[in-house]
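Here the sequence shown is numbered in the numbering used here, starting from 41 and rising by one per residue.
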Amino acid sequence: MPLFKKKQGDAVQLPPPKHVAIIMDGNGRWATRKGLPRTAGHAAGSEVFRRIATYCRDIGMDYLTVYAFSTENWKRSQEEVSAIMGLLKKYLFEALEKMERDQIRLKFFGDLSRLSPDLLELIDRTDKTSAKYEGFQANICLNYGGRDEIVRAARAFARDCAAGVRKPEDLTEALFGSYLYSAGIPDPDLIIRPSGEERISNFLLWQSAYAEYYFTDVLWPDFTPAELDKAIAAYFRRDRRFGGVKR
Ligand code: IPE
Ligand code: IPE
Ligand code: MG
C-alpha cells in the first residue's frame, strides 16, 4: 500500500479513492513509435490493464472502470476493430481461467448487442462466474458512449412510464442513475487519461459530474502502478468541495 503525501505536510497513509476510471488511450501511438502495427499497441495495452486492475485490487480500491472501446471506435479499419475484439476474447478466456486466483468481479458497460455472439457468450460467462467476488470490481466499457447510455436510460424510463410502472414526476437524479449501466455503483472519484489528450471522449458523462481529472503524457502501454500512484497522490492534493466552501 503506497504512502501518499497530502499537501506539504507529513506523509500520511490515506485510503485510495474508492472508484477510479481510466481512458486507456495511446495504444496506437505507442506501437507506431516503435515501428509496430497499431494492433501491437492494443495487445500491450491489454496486458497493462491486467496489471493495473490487480494493483487497484491490492491497494484496496473498490471499483476500477476502464474505457476499452467506444461507440465511436467502429470508425476504425475493420482490421483494427477485429484485432481489438480478438484481444478481448483472449483476455476473457484468460480471465476465466485465472478467476479463482484473481478474485475480481468483472462487469461490462455498453451496448453489447453489436458484439459477435461468441464474444457475447464469453462476456456473459465472465459476468456470471465472477459474480461471487465481492471485494473488488472492474467495469469494462465496451461499445460504450456516455450519450448513448443516457439516451438508453431515458428510453427505459419512458417505457416504464408507458407501461404504468413509473410516472414522470417520479424521476429524480437517483432514480435516473438506476437506469444507467453504473446502477448501484458510486460515481468515480478520479478519472485518468493517459496519452496527452485532454478530453473526455464521451466517457461517463453523467457519472463524472464531480470527478477529479488527471492527465498524463504517458501512453497507456507504458502506464505502470507507479504512474497510478502519481495520479492518486495528485488526487489527494485536490480540495473536493462539491459546490460547498473550502474547509
Ligand atoms: C486506445 O488507444 C484504445 C482504443 C481506443 C480502442 P488508441 O488506439 O486510441 O491509441 P491512439 O490514441 O491512436 O494512440
Ligand atoms: C477514447 O479514446 C476511447 C477509448 C480509449 C476506448 P479515442 O482514442 O477513441 O478518443 P479520441 O478519438 O482521441 O477522442
Ligand atoms: Mg486514442
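Ideal Cβ placement from N, Cα and C applies to all residues, glycine included. For clarity, every value in this text was computed on a predicted model and none was experimentally measured.
Just grab the DSSP bridge partners of residue i for me.
i: residue 107; result: 63 and 181
i: residue 230; result: 60 and 252
Just reading off the beta strand (DSSP E) that residue i is part of, what are its end residues?
i: residue 146; result: 145-149
Ends of the alpha helix (DSSP H) at residue i?
i: residue 136; result: 118-137
i: residue 187; result: 186-202
i: residue 160; result: 157-169
i: residue 269; result: 265-276
i: residue 225; result: Per DSSP, residue 225 belongs to no alpha helix (DSSP H) and is neither H nor E.
i: residue 86; result: 78-98
i: residue 217; result: 213-217
Beta carbon of residue i, beta carbon of residue j: below 8 Å?
i: residue 216; j: residue 197; result: yes
i: residue 106; j: residue 163; result: no
i: residue 254; j: residue 232; result: yes
i: residue 2; j: residue 236; result: Because the chain spans 41 through 287 in this model, residue 2 falls outside it and cannot be assessed.
i: residue 267; j: residue 258; result: yes
i: residue 256; j: residue 234; result: yes
i: residue 104; j: residue 178; result: yes
i: residue 56; j: residue 126; result: no
i: residue 111; j: residue 66; result: no
i: residue 176; j: residue 102; result: yes
i: residue 123; j: residue 82; result: yes
i: residue 245; j: residue 190; result: yes
i: residue 262; j: residue 70; result: yes
i: residue 64; j: residue 108; result: yes
i: residue 276; j: residue 54; result: yes
i: residue 265; j: residue 58; result: no
i: residue 128; j: residue 166; result: no
i: residue 72; j: residue 120; result: no
i: residue 142; j: residue 94; result: yes
i: residue 219; j: residue 193; result: yes
i: residue 144; j: residue 170; result: yes
i: residue 60; j: residue 260; result: no
Is the Cβ of residue i closer than 8 Å to any Cβ of chain D?
i: residue 165; result: Of the chains in the structure shown, none is chain D; there is only one protein chain.
Compute every distance between the C-beta of residue i and the non-hydrogen atoms of ligand 4, then say whether any falls below 7 Å.
i: residue 237; result: This structure does not include ligand 4; its bound ligands are ligand 1, ligand 2 and ligand 3.
Notebook entry, point to check: What are the complete beta strand (DSSP E) segments, minimum 3 residues, inside the region 232-262?
Noted result: 252-255
Note to self: Using only Cβ atoms and a threshold of 6 Å, which residues come within that distance of a heavy atom of ligand 1? Order them by chain position.
What the structure shows: 64, 65, 66, 67, 68, 69, 109, 113, 124 and 235
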